[in-house]
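See structure below.
There are 2 protein chains.
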Amino acid sequence: MAGTDFKQHPPKLSHPAPVIILIGAQLGENIGMTARAMLNCGLTELRLVNPKEGWPNAKALSASSGATEVIKNAQLYNSTAEAIADLNYLIGTTARPRDMSKPMLPVDTAIDTILEKKTAKCGLVFGCERVGLHNDDATLCDALLTIPLNPGFSSLNLAQAVLLVGYNWFSKACLLPPKLETISEKSPLAPKKELINFFERLENELDETGFLRAKEKRPTMVQNIRNIFLKADLTQQEVNTLHGIVKSLKS
Amino acid sequence: MAGTDFKQHPPKLSHPAPVIILIGAQLGENIGMTARAMLNCGLTELRLVNPKEGWPNAKALSASSGATEVIKNAQLYNSTAEAIADLNYLIGTTARPRDMSKPMLPVDTAIDTILEKKTAKCGLVFGCERVGLHNDDATLCDALLTIPLNPGFSSLNLAQAVLLVGYNWFSKACLLPPKLETISEKSPLAPKKELINFFERLENELDETGFLRAKEKRPTMVQNIRNIFLKADLTQQEVNTLHGIVKSLKS
Numbered sequence: 003m004a005g006t007d008f009k010q011h012p013p014k015l016s017h018p019a020p021v022i023i024l025i026g027a028q029l030g031e032n033i034g035m036t037a038r039a040m041l042n043c044g045l046t047e048l049r050l051v052n053p054k055e056g057w058p059n060a061k062a063l064s065a066s067s068g069a070t071e072v073i074k075n076a077q078l079y080n081s082t083a084e085a086i087a088d089l090n091y092l093i094g095t096t097a098r099p100r101d102m103s104k105p106m107l108p109v110d111t112a113i114d115t116i117l118e119k120k121t122a123k124c125g126l127v128f129g130c131e132r133v134g135l136h137n138d139d140a141t142l143c144d145a146l147l148t149i150p151l152n153p154g155f156s157s158l159n160l161a162q163a164v165l166l167v168g169y170n171w172f173s174k175a176c177l178l179p180p181k182l183e184t185i186s187e188k189s190p191l192a193p194k195k196e197l198i199n200f201f202e203r204l205e206n207e208l209d210e211t212g213f214l215r216a217k218e219k220r221p222t223m224v225q226n227i228r229n230i231f232l233k234a235d236l237t238q239q240e241v242n243t244l245h246g247i248v249k250s251l252k253s
Numbered sequence: 003m004a005g006t007d008f009k010q011h012p013p014k015l016s017h018p019a020p021v022i023i024l025i026g027a028q029l030g031e032n033i034g035m036t037a038r039a040m041l042n043c044g045l046t047e048l049r050l051v052n053p054k055e056g057w058p059n060a061k062a063l064s065a066s067s068g069a070t071e072v073i074k075n076a077q078l079y080n081s082t083a084e085a086i087a088d089l090n091y092l093i094g095t096t097a098r099p100r101d102m103s104k105p106m107l108p109v110d111t112a113i114d115t116i117l118e119k120k121t122a123k124c125g126l127v128f129g130c131e132r133v134g135l136h137n138d139d140a141t142l143c144d145a146l147l148t149i150p151l152n153p154g155f156s157s158l159n160l161a162q163a164v165l166l167v168g169y170n171w172f173s174k175a176c177l178l179p180p181k182l183e184t185i186s187e188k189s190p191l192a193p194k195k196e197l198i199n200f201f202e203r204l205e206n207e208l209d210e211t212g213f214l215r216a217k218e219k220r221p222t223m224v225q226n227i228r229n230i231f232l233k234a235d236l237t238q239q240e241v242n243t244l245h246g247i248v249k250s251l252k253s
């Protein structure tokens, strides 16, 4: 639809906008169309983990149809862990159920969950076009969201998936008054880099003690252990406590 | 997103699906992407009024990414009047206000209006990519709808506009989707006695190693540690894993 008026200002939002993270996006066009869909919905912070065609990408700029600021300000990362390091709460987008201990939310509920975090810095993660989110990346998420669509034909283009998730967010963040204070505001969730530090430390210790020695089972065991702690919505203080516990048990 | 399962059946819908009418669509690709977005949302009836590149169109078929039935069954018309002849209620989609005596509804309200018509045959009209709906065509509509988006960047691709309108319709018209399965349904939460066993075992170990030696702080520390694990909604299997971790670290 025609009708953009660049002279108008973006709407005032009652909540901080989540970051969009694309992991291993295959086509520059899709990144460009994602940027356009993001800006349609008032989302401006794009992070790219290892885009297949490299970065910057002229096709992305062209396909963004004027969402230049999103493309120009996009940040590039070599790993998911780096891309999510400063985020407090992370939701992965998936079209298929995962056999992992993690809340699986319809998009509507997922957005409510993000809005409840109020001032926490949230991220929405999208896997690559062909296979979606890798299990290792899904494991790093606090929850997974799925978009309820025609079950006989639910495959969405990457940018369309971002559009529907963004639209859900925009509809609620623009119209709803800020929610009342929640616990997570008083004690913000730990940044992801702190969680990942803890995971790696625990896994190192468990490698040493032989708990993870069964090589073929190690990836699943690591996923299961990470999921236990991710479900707990840990604060920084709690991560510190867990470090203390591991250190003490090892002594 | 990957994940379409063509073997599944489309959802049962509580209302007849509206017809999508594209007037003067310029690009075959956009018609194809529109068909894909329609089928994502359980919409199958597409009508084309004077598509600029003619019809049938190979680019449309290719861009539909498998929504072949929508493309193959699309009906071609020489005028808007013919294309809407059998419809009972018509809503036009526009990004800009029109100086005409006609209800201007946000998409959410427009879909409610369609659903209220119950068995009436409804149509949703989209103008061409460059200029949107012609005033003559808008005049034929019972109401106009607009999609509330970032007013600083509200220009949508044709297929994205269809997707957002279709998604609004599908979310409301499809019978409540089956409750999304969560792991905690498959793997019930651990009985409280198992949790308490784990807490006591951990606390005993931490008493031994001296982590809880500060007597006046011990009650608060124990509460904090228990809360970490209580927040995680642990399954029995996860409690077993935690026992294994503690045992391994202590060894």
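Residue numbers (our numbering), protein chains in the order written: chain P, 3 to 253; chain H, 3 to 253.
Glycine included, every Cβ here is placed at the ideal spot set by N, Cα and C.
Local conformation of residue i per DSSP, three classes
{"i": "H:Thr96", "result": "coil"}
{"i": "P:Gln77", "result": "strand"}
{"i": "P:His245", "result": "helix"}
{"i": "P:Ile116", "result": "helix"}
{"i": "P:Thr111", "result": "helix"}
{"i": "P:Leu251", "result": "helix"}
{"i": "P:Ile23", "result": "strand"}
{"i": "H:Arg49", "result": "strand"}
{"i": "P:Pro212", "result": "The sequence shown places Gly at residue 212 of chain P, rather than the Pro named in the question. Coil, per DSSP."}
{"i": "H:Leu236", "result": "coil"}
{"i": "H:Glu55", "result": "coil"}
{"i": "P:Val224", "result": "helix"}
{"i": "H:Gly34", "result": "helix"}
{"i": "H:Val72", "result": "helix"}
{"i": "P:Met102", "result": "coil"}
{"i": "P:Leu191", "result": "strand"}
{"i": "P:Leu29", "result": "coil"}
{"i": "P:Leu126", "result": "strand"}
Assigned exposure category for residue i - 16 Cβ within 10 Å defines buried
{"i": "P:Ser253", "result": "exposed"}
{"i": "H:Ala161", "result": "buried"}
{"i": "P:Glu131", "result": "buried"}
{"i": "H:Pro180", "result": "Legend: pLDDT at H:Pro180 = 42, less than 50; position of this residue unreliable, value from coordinates given subsequently. Exposed, by the Cβ-count rule."}
{"i": "P:Val133", "result": "exposed"}
{"i": "H:Ile198", "result": "exposed"}
{"i": "P:Ala192", "result": "buried"}
{"i": "P:Leu159", "result": "This sequence places Asn at residue 159 of chain P; Leu is not what is there. Burial call: buried."}
{"i": "H:Ala83", "result": "exposed"}
{"i": "P:Pro153", "result": "buried"}
{"i": "H:Asn206", "result": "exposed"}
{"i": "H:Ala87", "result": "exposed"}
{"i": "H:Asn90", "result": "exposed"}
{"i": "P:Gly212", "result": "exposed"}
{"i": "P:Thr70", "result": "exposed"}
{"i": "P:Thr46", "result": "buried"}
{"i": "P:Gln233", "result": "Just to set this straight, residue 233 of chain P is Lys in the shown sequence, not Gln. The residue in question, P:Lys233, is buried, as its Cβ has 16 or more Cβ neighbours within 10 Å."}
{"i": "P:Lys119", "result": "buried"}
{"i": "H:Asp209", "result": "exposed"}
{"i": "P:Asp139", "result": "buried"}
Distance between beta carbons of residue j and residue i, contact taken as under 8 Å
{"i": "P:Arg203", "j": "P:Val241", "result": "No, P:Arg203 and P:Val241 are not in contact; Cβ-Cβ is about 10 Å, not under 8 Å."}
{"i": "P:Gln28", "j": "P:Asn137", "result": "About 19 Å separates the two Cβ atoms, so there is no contact after all."}
{"i": "H:Leu41", "j": "P:Phe155", "result": "4 Å"}
{"i": "P:Asn52", "j": "P:Gly26", "result": "5 Å"}
{"i": "H:Thr115", "j": "P:Ile230", "result": "So it is not a contact: roughly 48 Å between Cβ atoms."}
{"i": "P:Thr121", "j": "P:Pro18", "result": "7 Å"}
{"i": "H:Gly168", "j": "H:Ala39", "result": "6 Å"}
{"i": "H:Ser157", "j": "P:Ser250", "result": "Not confirmed; about 58 Å, so no contact."}
{"i": "P:Phe200", "j": "P:His245", "result": "6 Å"}
{"i": "H:Val164", "j": "H:Ile22", "result": "6 Å"}
{"i": "P:Ile113", "j": "P:Lys174", "result": "6 Å"}
* Asked: Would the segment 123 to 134 of chain P and the segment 93 to 104 of chain P be scored as touching if the rule is three or more Cβ pairs under 8 Å?
  -> yes
* To do: Give a yes or no on contact between the segment 60 to 74 of chain P and the segment 31 to 44 of chain P, applying the rule of three or more CB pairs nearer than 8 Å.
  => yes
* Validate contact between the segment 67 to 81 of chain H and the segment 44 to 58 of chain H using beta carbons, cut 8 Å, 3 pairs -> With a cut-off of 8 Å, the segment 44 to 58 of chain H and the segment 67 to 81 of chain H count as touching, because enough Cβ pairs lie within range.
* **the segment 205 to 217 of chain H contacting the segment 227 to 242 of chain P, beta-carbon criterion three pairs below 8 Å** => no
* Using 8 Å as the Cβ pair cut-off and three pairs as the minimum, do the segment 136 to 149 of chain P and the segment 144 to 152 of chain H touch? -> no
* Enumerated in chain order, which unbroken segments of the beta strand (DSSP E) with a length of 3 residues or greater are wholly contained in the segment 140 to 177 of chain H? -> 145 to 148
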